[in-house]
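The structure appears below as structure tokens.
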Amino acid sequence: MSFVWSDENLQMIESLKKRYPKPQALVLPLLWMAHYQEGYISLDAIDAIALVSMLPPMEVYRVATFYTMFHLAPIGKYHLQVCKTLSCTLCGKEDILKSIQELLKIEVGQTTPDNLFTLSQVECLGSCGTSPVVQINDTYYENLTPQSIAEIIKGLK
Ligand code: FES
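Using the working numbering, read the sequence shown as starting at 324 and increasing by one per residue.
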């Protein structure tokens, strides 16, 4: 097993064990911790999570694959998630997406060759009042225009 919890995460696990009396309840927090530690969830991390949560690795895998926010393979340093639901579509999502694709020269589901950017489309990000919205890693960028999203991306490089 090549996945090893960081010291910080080991401390967090001990703290979480006191909060959750059943180890199975640790699965989601552990998935997040592994995701932030590695940038994705490897099969070795699944095994490590299974060990702590006392679940079969397949159960952990099933949870990890249920949620679209968990990645089971490495992605770019910046994950651009373009909302594709109604409000964002009505407010210009297609133009935002086109601007990103032209700038980065990738399609949805692809990563730039330098591994900086991965482009995805996602369902409603829950910020319909500020459409169109793109989530980049943990940050929302709202009321976007094709020009503003291009400037934001250039600022990330
Ligand atoms: S439709 Fe895009 S945030 Fe809700």
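Cβ coordinates follow ideal geometry from the N, Cα and C atoms, glycine included. Computed from a prediction, not measured in an experiment: that's the story for all the values here.
- Beta-carbon separation of T435 and L427 under 7 Å? Cβ distance < 7 Å, so T435 and L427 count as in contact.
- Item | Distance cut-off 6 Å: S454 Cβ against heavy atoms of ligand 1 | Yes, the Cβ of S454 comes within 6 Å of a heavy atom of ligand 1.
- Excluding sequence positions up to five away, which residues of its chain have a Cβ less than 6 Å from the Cβ of Q458? So the list reads Q404 and L448, once near-sequence residues are dropped.
- Task: Leaving aside the five residues before and after P454 along the sequence, list all residues of the same chain whose C-beta is less than 6 Å from its C-beta, in chain order.
- Result: First, the amino acid is wrong: residue 454 is Ser here, not Pro. Here S454 has S410, C411 and C414 as same chain residues with Cβ atoms under 6 Å from its own Cβ, once five neighbours each way along the sequence are excluded.
- Specify the secondary structure class of L403 as computed by DSSP and reduced to three states. Residue state for L403 is assigned as strand, using DSSP reduced to three classes.
- Message: Tell me the DSSP secondary structure of L448 in three-state form.
- Response: Of the three classes helix, strand and coil, the one that applies to L448 here is coil, per DSSP.
- Task: Output the distance between the C-alpha atoms of A473 and E425, rounded to the nearest integer angstrom.
- Result: Straight-line measurement puts the Cα of E425 at about 9 Å from the Cα of A473.
- Query: So is the beta-carbon of T441 under 6 Å away from any non-hydrogen atom of ligand 1?
  - Reply: Checking every heavy atom of ligand 1 against the Cβ of T441, none is found closer than 6 Å.
- Task: May I ask whether a heavy atom of ligand 1 can be found less than 6 Å away from the beta carbon of T468?
- Result: No; taking the cut-off as 6 Å, the Cβ of T468 has no heavy atom of ligand 1 nearer than that.
- In this structure, what does DSSP give as the bridge partners for T443? Per the sequence shown, residue 443 should be read as Ser rather than Thr. For S443, which the question treats as bridged, DSSP gives the partners Q404.
- Does the beta-carbon of T391 have 16 or more other beta-carbons within 10 angstroms, so that it is buried, or is it exposed? For T391, the number of other beta carbons within 10 angstroms of its own is below 16, and it is reported as exposed.
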